[in-house]
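J.:
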Amino acid sequence: MATLTNIKNDFIQNVSGYSALGIILSTCLGSIAVLLALSNFNGLFSMAVVMTTVLICSFHNAAILTVQKPIVILRLLIASTLINLGIIVTYMILG
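The sequence shown begins at 1019 in the working numbering and counts up by one.
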């Protein structure tokens, strides 16, 4: 728990720098997830995966652009990273 508290405190103190890195991370992982979803399968489920990826990345980017609280931005970054990594790993296993 101490490590998570240190990460949160560091993110809050340096939110502008981490926000730029977060946008890059979220967008890159999202684009990889969309690429895998569309290249391996097509259909309603793949479109739902694409929609989920686009929404979570958009929520994270919108939180940064509308200058939300740093903890909201951090939580959305973590959610975006975990969801996109889950999609990537799932499609790598299925593909």
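Glycine residues also receive a C-beta, built at the ideal position from the N, C-alpha and C atoms.
#1: Report the start-end ranges of each beta strand (DSSP E) in the stretch 1026-1110 that is 3 residues or longer and not cut off at the edges.
#2: Whole angstroms is fine: what's the gap from residue 1033's alpha carbon to residue 1083's?
#3: Could you check the C-alpha separation between residue 1078 and residue 1023 for me, to the nearest Å?
#4: For residue 1091 versus residue 1049, is the C-beta distance shorter than 8 Å?
#5: In whole angstroms, what is the alpha-carbon distance linking residue 1060 and residue 1054?
#6: Does the beta-carbon of residue 1051 have 16 or more other beta-carbons within 10 angstroms, so that it is buried, or is it exposed?
#7: Between the Cα of residue 1100 and the Cα atoms of 1044, 1039 and 1089, which residue gives the shortest distance?
T.: Reading off the structure:
#1: DSSP assignment within the stretch 1026-1110 yields no whole beta strand (DSSP E) run of 3 residues or more.
#2: Rounded to the nearest whole angstrom, the CA to CA distance from residue 1033 to residue 1083 is 12 Å.
#3: Those two C-alpha atoms are separated by around 21 Å.
#4: no
#5: Each residue's Cα considered, the two are about 10 Å apart.
#6: buried
#7: For the residues 1044, 1039 and 1089, the minimum Cα distance to residue 1100 belongs to 1044.
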